[in-house]
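Student: Let me begin by handing over the structure; questions about it come next.
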Amino acid sequence: MMVIEKTYDVKIANREEVARRISKAVENPRQVLLICTSLNSWVAMNGLRGEITIPPSLLERLLAHYSRQKS
């Protein structure tokens, strides 16, 4: 998520919470990559800048989808 912050000049207000939720929900690094790639796309497509918060509903959808995928 630090790469997302640097690339798009944003500060993810709930970064620690998001990282904690991801680490508890996934089983392998590929799942982390897929979730973070999706978050990257979300930031890019919405043209977000400044301080942002990743919506819990978005995170839950990503976790539900990608935590089911095995390597």
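Our numbering numbers the first residue of the sequence shown as -10 and each following residue consecutively.
Positions of the beta carbon are idealized from the N, C-alpha and C atoms, including for glycine.
#1: Quick one: residues in its chain with C-beta nearer than 6 angstroms to the C-beta of Q20, no 5 flanking neighbours on either side, listed in chain order?
#2: If we call anything under 9 angstroms between Cβ atoms a contact, is I(-7) one with L52?
#3: If contacts are defined as beta-carbon pairs under 8 angstroms, then V32 and V7 qualify, I think. What distance do you get, rounded to the angstrom?
#4: Roughly how many angstroms separate the alpha carbons of P44 and N29, rounded to a whole number?
#5: Thinking C-alpha only, which one of L47, L48, E40 is nearest K(-5)?
Tutor: The structure says:
#1: Locating residue 20 in the sequence shown gives position 31, where the first residue counts as 1. For Q20, where only same-chain residues beyond five positions count, the Cβ hits under 6 angstroms are Y55.
#2: Your numbering for residue -7 matches position 4 in the sequence shown. Your numbering for residue 52 matches position 63 in the sequence shown. It is not a contact, given that the beta carbons lie outside the stated cut-off.
#3: The count along the sequence shown starts at 1 and reaches residue 32 at position 43. The count along the sequence shown starts at 1 and reaches residue 7 at position 18. About 12 angstroms; that fails the 8 angstroms criterion.
#4: Mapped onto the sequence shown, residue 44 falls at position 55. Mapped onto the sequence shown, residue 29 falls at position 40. Between P44 and N29, the C-alpha separation is close to 13 angstroms.
#5: Taking the sequence shown and counting its residues from 1, one reaches residue -5 at position 6. For K(-5), the nearest C-alpha among the options comes from E40.
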